[in-house]
Structures are given as C-alpha cells and as structure tokens.
Amino acid sequence: MKLFKTLVNGLWKENPVLILMLGMCPTLATSSSAKNAIFMGLATTCVLAGSNFVVSCFKSIIPDKVRIPCFIVIIATFVTIVQFLMDAYVPAALVKALGIYLPLITVNCIVLGRAEAFASKNGPILSLMDGIGMGMGFTLILTILGAVREFIASGTLFEMTVVPHWQGFALLRFAPGAFIVLGIFLAIRNAMKIRDAKLHGTHFDPPSELNCTTCHICTLGK
Amino acid sequence: MSDEAKELNKAPQPATAPAAPAVDPNAPLPPRHQLIVSSSPHFHTHSTVDSIMRWVLIALAPACLAAIYFFGFGAVRVLAICVVACLVFEFLSAKAMDRSNELKDGSAAVTGLLLGMNLPSNTPWWICVIGCFMAIVVGKMIYGGLGCNPFNPALIGRVALLIAFPVVMTTWPMPRIPASLAKPAEQVMPVASATPQHKGEQVSVMPVTTSTPLKFSKLARTELTGDKVLENSTIPIQKGEVSYWQLFLGIGKGGSLGETCGLALLIGVLILIYLNIVRWQIPVCYLGTVVIITGIAWLANPSAYASPLFHLLTGGLLLGAFFMATDMVTTPLSRLGAIWFGVGCGVLTACIRLWGSYPEGVSFSILIMNAFTPMIDRYTAGTPFGMPKKKGIKMPK
C-alpha cells in the first residue's frame, strides 16, 4: 500500500512540475511538441528511477559532506546510459530535437532533488517507486503541455494531422508560448486547490512568492 | 434636507457640514448619511478613468476617420471587431475572475481601438479576435485588470499576432489614392510581385498588397550590401514618387490602419497634451532620439540609410510615440522618468530599424521600455514636499 502511495504521489499530489515547480528549464524547452515531450519525459523517468535506486542503495556508505558530487556521478552515469540507448534505438531527428536537454538531465533539479530529499532517506524499493512516480508525473504534464502547444500551433497531435488546413497560432511553438501555457496550467492548478479547500471547509492561499505585497525583490540589498 | 445632504455627499468639494440647527438633546440623531466626515483632499481635478478614456477615444477619432477614408469598409470591419471583441473578453474575464466589472470605463474599448489601428485592414476576423484575447486576457486581466498591467495590452496583442502570423501582419492592402493625385497605376503602386522570400517573410504576390515604405528601405539596404538584387526595392522617396508631405498625410503609403495619416494622429495627440492626459516629454524625446540616431546614420551614408524625416513619417512610429508610449499605466510617473522612457524607446526603435531583422521596431521597443518602467520610477522618484533633500536614492520601505 505504501509502495502504491509513493508511486502515485508524484502524479498529482506532489507533481514535480505543477506542485514542486522543479525542472522548469526542460519543461519549457522540450514541450514544443507532444512527441518531443513524451520522449524527454521517459528519458528523465529512466534516469530518475535508476539514480533513486542506486543512491538509496549506497546511502549508508556515501559520506555526508561529499554527497552531492556522489549523487551527480551516479546520475551522470544513468544519463550516459540513456543517451547511448536513445542514440541506438530512437530516430536521430528526435534525439537532435531534444539536443542539449538530454545531457542536461544530469543537472535536472527533479533528479537531484529526489535523490537528496527522498532516496537518501528511504529504502531502495520505495525510492525506485518514488523515482518512477515522479518521472511519470513529469512525463504526464510535459506531454499534456506539448500536446496543447502542438495542437494550437499546428493542428496536429503526435505529428498526426487532426484538423486539416489549420492556421495555427504559431506563437505557442516559441518560448513565450511555453511560458503562457505553463502559466495557465499553474493557474488552473491553483483554482482546483482553492475549490478543493472550499469543499473540505479549509482555506488555501495561492503561493505568495509572486504577489507584490510579499515580494521584496525591489528592496533587495537595501 | 436629506436630498441636499446626499448632494453634498456626492460632491467632491470640501464638505462643510451643514449648519447645525440649535441642538435639541431630545431630538433623534440624524440618519447616518447626513453625518458628513471628509478627509483631506477636498479638491480634485475631476479626471476619472472614465473621462480620460473618453478623451483618448475622442483623440483617436481623427486617425480612425482617416483610416476609414483610406481603407474603406475593411477599416470599419477591423476596428469594430477589435472593439467588440475586447469588450466581450473584458466582460467574460471579469466574470470568470469574480472581479467588479469595469466595462463602462472604456479602457477595453481604447485597447481594442488601438489594437485595431495596429492591424492591416484585410486582417481575417479570427486573427483580430485572437489578438484581442491576448491583449485583454493575457495582457491585462491576468495581471489584475486596469492599472496592474506591466505592459501595454494593445501592444501585447499586436506583438503576439506579429510573431504568430507574420505573413498576415506584414502584407498591407494599398490605401485608396485621391483621384487628384492618382498616377498611372504601375508607377504609384509598388507591386510586390518581384519580391522573393525575404528574411523568412513571404510577401504575397497579390497586386493589391504592398509593403510599407519602411520595408522598402530595408530591402534597399539589403540590395546595397549585395544580399539580393531587387527591382522594386529602391526607397520610393528617393525615386521621387512620394513626397514627405504625402507621407505625412498618408497618401500612397501602405501600412496598418492607424499608421497612415500622421496629421490625424498629430491632431489627436495635441488634444491629449492640451488636456494634460499625455505628457509631452515622452513623444518629444522618443521622436527626437529617433531623428538624432537615424540622422547620424543618414549623414554617414545617405545612400544606404533613409533620412530621419522618412523614418519619422513611416511605419508605426507616430502612432506608437503618440498613443502607445504615453499609456498612463505602463509609463514612468515623473517627468524626468518620462524623458528617460522616451529616450530609451527612441534608441531601441532606431537600432531595430537600422540594424534589426524586423523592418519595424516601435512595438518591441515600447514593450521593452515598459519592462524598465518600475526601475525608472524608482530612480527618478522625487522628494515629497516637506521632506529633506535627498542624497542618493533612498526609497521609503
């Protein structure tokens, strides 16, 4: 039961993109089409599962002071494996489209964050489940984001034409479109949380980091 | 009595309490609305959001009429669609966000009108609607409605459309030419048929479409640098086809609805400056900076760069400098800040026009300077009356 709970934890309750706000860079950059997004998500899932498992196995022999370099070495190993596998079995155009973001999984904050926050404190099987769950949550949101952007921009889904002669809103294919769609997703997430809180009779405050009354960036260093 | 008190309550003048009658201790207390308590600003200028927006609409009227004269029914169609769509989006998003409805203040209508004036007259209706959505919902309401938007909503809509639909947004129908000035068609109408694909923008091969003079000047420069050789690409003004006066009046010049007639725009902005709705520092510094920078380039190489007067009269510069860069919400508060804002816009516009890949840079430069507005505000904040003279920059927390 606990295994299952850990597994589905990453899908919604602690979704890395929508709730933890981790891995924004690959989220914005590789979600220009659903196909790119799903492959990026799967690659990250593999790395996440593998690195979580190995980190959890070695957690007692990794010295505390140098744990981050150790984690990075483990993660980089898995990234290299995934990259070789993708070079071998995935169409070259797709690998090219993902470009630098594939090796950059090494420094993806989801992977390092879960190694630090979960795997170094829990057992190997639980960590493996957490890695898979987090990865699936990442893949899910990334794919939805990619599908929305791809559909609105070019009227296709997974490169199959859905609406012929679609004169798309090409802005969503570019970086500003990624920010706009992700922002709308986060707004929907907040709205759902507010509604849930109302249903349970509690109160939910949207995150206040970007609220001008609580933000101190204008007076930083003063 | 109660009527009078209501009147007094409404009136913004210093509310001297009505002369109290001889106090009878047994008399019942007056109803609550008769007790008039008012704090210090007893006088104000009577300028409200409603009145400002109404005056902006009036100031835009000459340019709208000119656009309708030059482009006919297409202009009416685009302007009407944009205004209606903006009002509808404002209404819907206020509903969806549980916000008090601000429809009647007219700011959405101003945004719609300005956006419409930034579009070619043959824009399909759905592109207008998408632009209005980007302007009102993404550009304004998401940030918290009027007064909270960091960027000019109409420009957000325009830039979104420019990036998303470059073909539609850069092919303009030729404006109508008054019969007295009409020349043989092939002379007046710089047909774009000989223009191959240029910098990713396909110029449609339709006899009715044309480029703006600015784009011709850009093409001319590419030709001079040996990039491409084009027949029709020389600067029209250097061929003597169009005079500066015609450019100012908007005759024989393609462009978006509001860009054509400089005279109408000038009349509009003079009204606003007279009413103190627009600070003259912004347009003057903006246009001055553009003239200086393009003038230097022109003096250095007159065959490659168009003259400063040409830059002034073509493209969206006048529209942008008069009506976009002077938006109250998104520009600095102080006069000094307005000067900095105008100069920044001018530098960016001139640089994009002279060296950028887009032929026109007004909208981008105003949006970029909008982003700098909080910083300019912070560094140009004046000392409040009665406070010691400031040394360096110190903001009250």
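Same order as they appear, the protein sequences are chains C and S. Per my numbering, residue 6 is the first one in the first sequence, and the count goes up by one each step. Per my numbering, residue 237 is the first one in the second sequence, and the count goes up by one each step. Every residue, glycine too, gets a C-beta built ideally from N, C-alpha and C. These numbers were taken from a predicted model, which means no experiment stands behind them.
Beta-carbon proximity check, residue i vs residue j, cutoff 8 Å
i: Leu339 (chain S); j: Val319 (chain S); result: no
i: Thr562 (chain S); j: Thr609 (chain S); result: no
i: Pro360 (chain S); j: Met405 (chain S); result: no
i: Leu397 (chain S); j: Ile363 (chain S); result: yes
i: Ser125 (chain C); j: Arg72 (chain C); result: yes
i: Leu187 (chain C); j: Ala400 (chain S); result: no
i: Val598 (chain S); j: Gly551 (chain S); result: yes
i: Val374 (chain S); j: Leu293 (chain S); result: no
i: Asn358 (chain S); j: Pro402 (chain S); result: no
i: Phe143 (chain C); j: Thr82 (chain C); result: no
i: Ala299 (chain S); j: Gly524 (chain S); result: no
i: Gln229 (chain S); j: Gly578 (chain S); result: The requested residue 229 (chain S) does not occur in the structure, where chain S is confined to residues 237 to 633.
i: Pro544 (chain S); j: Thr616 (chain S); result: no
i: Gly183 (chain C); j: Gly173 (chain C); result: What sits at residue 183 (chain C) in the sequence shown is Ala, not Gly. Cβ atoms of Ala183 (chain C) and Gly173 (chain C): not closer than 8 Å.
i: Ile575 (chain S); j: Cys521 (chain S); result: yes
i: Arg335 (chain S); j: Gly381 (chain S); result: yes
i: Gly202 (chain S); j: Ser570 (chain S); result: Residue numbering for chain S in the displayed model covers 237 to 633; residue 202 (chain S) lies beyond these limits and cannot be assessed.
i: Val100 (chain C); j: Ile80 (chain C); result: no
i: Met289 (chain S); j: Gly352 (chain S); result: no
i: Phe76 (chain C); j: Ala122 (chain C); result: no
i: Leu499 (chain S); j: Leu508 (chain S); result: no
i: Phe309 (chain S); j: Leu493 (chain S); result: no
i: Gly573 (chain S); j: Ile604 (chain S); result: no
i: Ile185 (chain C); j: Asn20 (chain C); result: no
i: Leu501 (chain S); j: Leu554 (chain S); result: yes
i: Ala330 (chain S); j: Asn337 (chain S); result: yes
When the options are compared against residue i, the one with the closest alpha-carbon
i: His170 (chain C); options: C:Thr161, C:Arg178, C:Leu176 and C:Leu177; result: C:Thr161
i: Tyr106 (chain C); options: C:Leu191, C:Val87, C:Gly188 and C:Ala192; result: C:Val87
i: Ser283 (chain S); options: S:Ile513, S:Leu572 and S:Gly375; result: S:Ile513
i: Arg394 (chain S); options: S:Gly486, S:Cys384 and S:Ile372; result: S:Ile372
i: Arg194 (chain C); options: C:Asn14, C:Ile24 and C:Gly15; result: C:Ile24
i: Met134 (chain C); options: C:Pro96, C:Tyr94, C:Gly55 and C:Ile146; result: C:Gly55
i: Val22 (chain C); options: C:Gly206, C:Phe190, C:Thr11 and C:Ala202; result: C:Phe190
i: Leu296 (chain S); options: S:Ser274, S:Cys497, S:Leu391 and S:Pro389; result: S:Cys497
i: Asn606 (chain S); options: S:Arg335, S:Trp291, S:Pro389 and S:Pro538; result: S:Pro389
i: Lys40 (chain C); options: C:Pro96, C:Pro68 and C:Asp92; result: C:Pro96
i: Arg204 (chain S); options: S:Pro620, S:Phe546 and S:Arg571; result: The structure shown does not extend to residue 204 (chain S), since chain S is modelled only from 237 through 633, so no value can be given for it.
i: Leu391 (chain S); options: S:Met370, S:Ser570 and S:Gln482; result: S:Met370
i: Cys581 (chain S); options: S:Ser336, S:Ile487 and S:Phe558; result: S:Phe558
i: Lys7 (chain C); options: C:Gly138, C:Ile80 and C:Ile149; result: C:Gly138
i: Met26 (chain C); options: C:Met165, C:Lys203 and C:Ile115; result: C:Ile115
i: Thr407 (chain S); options: S:Ile487, S:Tyr379, S:Gly491 and S:Gly367; result: S:Gly491
i: Lys376 (chain S); options: S:Cys322, S:Leu506 and S:Leu548; result: S:Cys322
i: Trp291 (chain S); options: S:Leu506, S:Glu326 and S:Pro595; result: S:Leu506
i: Trp534 (chain S); options: S:Leu502, S:Ala586, S:Val365 and S:Tyr510; result: S:Ala586
i: Leu548 (chain S); options: S:Gly367, S:Arg515 and S:Leu483; result: S:Leu483
i: Trp591 (chain S); options: S:Ala542, S:Met564, S:Gly622 and S:Arg614; result: S:Ala542
i: Pro519 (chain S); options: S:Ser479, S:Val324, S:Tyr480 and S:Met560; result: S:Met560
i: Leu150 (chain C); options: C:Val167, C:Val168, C:Thr207 and C:Ala180; result: C:Ala180
i: Tyr379 (chain S); options: S:Ser287, S:Val365 and S:Met333; result: S:Met333
i: Phe9 (chain C); options: C:Phe63, C:Gly136, C:Pro74 and C:Ala102; result: C:Gly136
i: Pro74 (chain C); options: C:Leu117, C:Lys203, C:Tyr94 and C:Met165; result: C:Leu117
Residues bridged to residue i [DSSP beta-bridge criterion]
i: Leu162 (chain C); result: C:Met165
Are the stretch 509-528 of chain S and the stretch 303-310 of chain S touching by the rule of at least three beta carbon pairs closer than 8 Å? no
Completely contained beta strand (DSSP E) runs for the stretch 331-358 of chain S, where each covers 3 or more residues: Annotation: the stretch 331-358 of chain S contains no complete segment of the beta strand (DSSP E) (minimum length 3 residues).
Count the CB pairs spanning the stretch 56-73 of chain C and the stretch 120-132 of chain C that are closer than 8 Å, and state whether there are at least three. yes
Does the contact criterion of 3 or more C-beta pairs under 8 Å hold for the stretch 29-42 of chain C versus the stretch 148-158 of chain C? yes
Per the contact definition of three or more C-beta pairs closer than 8 Å, is the stretch 97-117 of chain C in contact with the stretch 43-55 of chain C? Here the stretch 43-55 of chain C makes contact with the stretch 97-117 of chain C; the two share three or more CB pairs at distances below 8 Å.
Are the stretch 274-282 of chain S and the stretch 306-315 of chain S touching by the rule of at least three beta carbon pairs closer than 8 Å? no
Any 3 or more C-beta pairs closer than 8 Å across the stretch 74-90 of chain C and the stretch 6-23 of chain C: no
At a cut of 8 Å, does the stretch 196-203 of chain C reach the stretch 26-33 of chain C through at least three beta carbon pairs? no
Going residue by residue through the stretch 97-154 of chain C, where are the continuous alpha helix (DSSP H) segments of at least 4 residues, counting only ones entirely within it? 97-103 and 114-119
Where in the stretch 24-62 of chain C do unbroken runs of the alpha helix (DSSP H), each at least 4 residues long, occur, reported from the N-terminal end onward? 29-35 and 39-62
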